[in-house]
Amino acid sequence: MNGADVLCDVLLANDVTVCFANPGTSEMHFVAALDRKPQMRCMLGLFEGVVTGAADGYARMTDRPAATLLHTGPGLANGLANMHNARRARTPMINIVGDHASYHLPLDAPLTSDIEGLAAPMSNWVRRIAGPDDVQRATEAAFRASLTPPGVTTLILPADAAWGGADPAAPGKVVLAPPPAIDMDAVREIAAAIRAAPGRVGMVLRGRAARADPLEIAGQISTGSDVRLFSEVLIARMQRGRGRVAPTRIPYPIDAAIAVLRDIDVLVLVGGNEPVAFFAYPGKPGRLVREDCQVLTLAAHGQDLHAALEALRDELGVRPSQPTLFATAFPDEPTPSGGLTEDAIALSVARKLPDNAIVCDEAVTSARRFFALSAFAAPHDYMMGTGGSIGGGIPMATGAAIACPDRKVINLEADGSGMYTVQGLWTQAREDLDVVTIVFSNRTYAILHGEMRNVGVNAIGENARRMLDLDHPALDWVSLAKGMGVEAARADTCERFDALLDSALSRRGPFLIEAVI
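One point on numbering: in full-length UniProt numbering, the residue at position 406 of the sequence shown is 406, and numbering is uninterrupted.
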């Protein structure tokens with residue numbers, strides 16, 4: 001038995017049974033160890049950003065980490081963007097980064113780099129394995145760190161620690177510390193603040209507070225004590241749809257966000273931080289609430305958010321039987337026809353969404369209306385990229401489909417963002433994943449056109465246009481998908497889009513619709 005075997009055994013003993021991988025020479029002993037462990041499902045990503053993004057999507061749906069396998073510093077660097085999204089989503093992840101043998105590092109071979117320095121900004125915890133005898137302790141520590149509280153961990157595996165002989169391991173379940181007790185002083189302070197400002201209190205729900213059961217408790221507080229419910233701008237995961245409480249999403253555009261929160265005197269945070277502007281804009285504030293708004297934390301990430309909401313409900317004297325407002329029927333709108341538009345796509349997907357689907361939204365500007373409409377759709381899970389790093393949508397949908405093979409996954413994807421990790425379609429084809437990818441093909445970085453206006457630039461010249469548009473040449477998503485092994489078709493009318501979506505939803509396996517808008 002070698003160190004790589006021990007690492008695999010510790011992961012498996014703690015139910016880490018999926019490894020998203022793009023290995024190199026330094027990791028060959030770990031690859032061989034994985035080959036000896038049929039309990040571990042190994043998925044190849046053709047780019048490290050697909051690997052880390054898929055691990056993020058998997059963890060968001062399972063609440064437990066997957067492993068990734070990356071090749072030295074450059075391989076890690078290729079995966080950093082989606083590690084950043086995962087860190088902002090606060091999802092558990094165990095990155096295993098192979099490195100040169102420890103005695104080879106002083107020679108400064110071409111792939112030698114500061115892996116710790118690269119990993120630290122996008123990880124909550126980083127450790128280098130000292131040798132074969134340290135593998136079990138280090139791996140158990142990485143697993144524990146990934147879940148207390150959930151976050152991204154990076155474990156560096158030198159080649160000689162992987163191939164070195166090790167005593168047979170007898171790993172058991174890592175014992176995790178229980179979440180901290182509810183802070184009843186905070187509960188009482190917030191209850192008093194709610195009573196003192198009826199109708200002018202907002203509550204931002206994030207993380208596990210955005211699951212169906214905690215949302216129902218928040219809904220009882222909302223109707224019983226006149227509290228407005230919000231989600232953050234970028235949503236890690238929310239259980240949504242008919243029969244579920246539907247918080248209002250704080251808008252991305254800064255002026256709209258400020259307007260939504262203008263009348264809030266008290267803002268209560270459940271599982272997250274105070275929402276702020278995504279960027280600094282000339283002459284505009286960074287905070288979205290008024291300077292005199294009182295911001296209070298009921299419970300933080302890693303605490304028992306469900307129990308904290310129950311405690312607040314009880315302190316307020318709200319009955320568990322308090323009627324709660326749920327979304328019901330869709331607004332009365334005619335079925336769109338003719339040329340395809342962003343709104344027509346959003347309405348069609350919301351109306352046709354299957355029960356228990358998973359929606360991964362990286363359409364950014366193009367699918368903004370979908371979130372509001374999704375309150376009336378069939379019950380589903382909704383996820384977004386949370387760190388602002390684009391290229392998370394296709395990998396996130398890939399990981400979600402691996403985590404939940406019995407559920408339909410719908411990926412709302414912007415054409416510009418999708419090109420960052422288009423290789424994820426290949427993994428979907430190889431694993432026969434049940435993902436419908438809808439590409440909003442407007443052939444531009446539409447969000448950046450909006451950002452130019454936000455910073456006061458209203459006239460865009462040729463140089464700027466060439467940096468913001470994708471039309472010379474136009475991307476051919478049907479050909480790109482088919483080249484990756486995914487069946488695809490194009491729609492430029494509402495009727496054609498509806499027909500393709502019906503077909504994709506009626507069958508299993510990956511399918512891509514290029515929606516030309």
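Glycine residues also receive a C-beta, built at the ideal position from the N, C-alpha and C atoms.
DSSP places C360 in the uninterrupted beta strand (DSSP E) bounded by A357 to E362. The C-beta separation of T139 from V10 comes to about 4 Å, placing the pair in contact by the 8 Å criterion. With a cutoff of 9 Å on beta-carbon distance, L7 and I96 are scored as near each other.
Taking all protein chains shown into account, D99 has 16 or more neighbouring C-beta atoms within 10 Å of its C-beta and is therefore buried. Taking C-beta atoms as the reference points, A367 and A397 fail to come closer than 9 Å.
The three-state reading of DSSP puts G286 in coil, since its state is none of H, G, I, E or B. Annotation for G98: the continuous beta strand (DSSP E) segment containing it runs M93 to D99. The region 172 to 185 and the region 20 to 28 do not touch, with fewer than 3 CB-CB distances between them shorter than 8 Å. Annotation: L500 to A489 spans about 8 Å, alpha carbon to alpha carbon.
Per DSSP, I410 is one residue of the beta strand (DSSP E) stretching across V409 to A414. Judged by DSSP secondary structure, V478 falls within the alpha helix (DSSP H) whose first and last residues are W477 to G483. Beta-bridge analysis with DSSP links N2 to G165. In the DSSP assignment, L80 falls outside any beta strand (DSSP E) and within the unbroken alpha helix (DSSP H) covering T72 to A89. As DSSP reads the structure, S441 sits in a beta bridge with V516. When secondary structure is reduced to three states using DSSP, G202 falls in the strand class. In chain order, L412, E413, A414 and F440 place their CB closer than 7 Å to the CB of A363, counting only its own chain and leaving out the 5 sequence neighbours on each side.
Contact check for I358 and M61: beta-carbon distance about 7 Å, within the 8 Å limit, so the pair qualifies.
Counting only runs of 3+ residues, the beta strand (DSSP E) found wholly inside the region 326 to 377 occupies 357 to 362, in chain order. In this structure, F330 places its C-beta atom within 9 Å of the C-beta atom of F376. T112 and M83 have their C-alpha atoms some 21 Å from each other. Ranked by how close their Cα comes to the Cα of R64, the residues M122, L147 and A54 have L147 in first place. Considering only P132, T223 and S389, the residue with the shortest C-alpha distance to A162 is P132. In this structure, G219 places its C-beta atom within 9 Å of the C-beta atom of L229. Boundaries of the alpha helix (DSSP H) harbouring Q220: A212 to S225, taken from the DSSP string. Taken through DSSP and simplified to helix, strand or coil, E487 comes out as strand. In this structure, L340 lies near A515, with their beta-carbon atoms less than 9 Å apart. Residue burial is scored here from C-beta neighbours: A209 has at least 16 other C-beta atoms within 10 angstroms and is therefore classed as buried.
The Cβ neighbour count for T328, taken over all protein chains shown within 10 Å, is under 16; the residue is labelled exposed.
In terms of Cβ geometry, V268 and L298 form a close pair [threshold 9 Å].
The bridge partners DSSP lists for V435 are V409. Counting along the chain, no alpha helix (DSSP H) covers L296; the unbroken beta strand (DSSP E) around it starts and ends at Q294 to A299.
Going by beta carbons, D304 and P179 fall inside the 9 Å limit. Nearest to F497 by alpha-carbon distance, out of R466, L512 and G483, is L512. Residue pairing by DSSP places V18 opposite R41 in a beta bridge.
P395: member of the alpha helix (DSSP H) spanning G393 to A403, first to last residue. Nearest in C-alpha terms to P275, of all of P253, T91 and A344, is P253.
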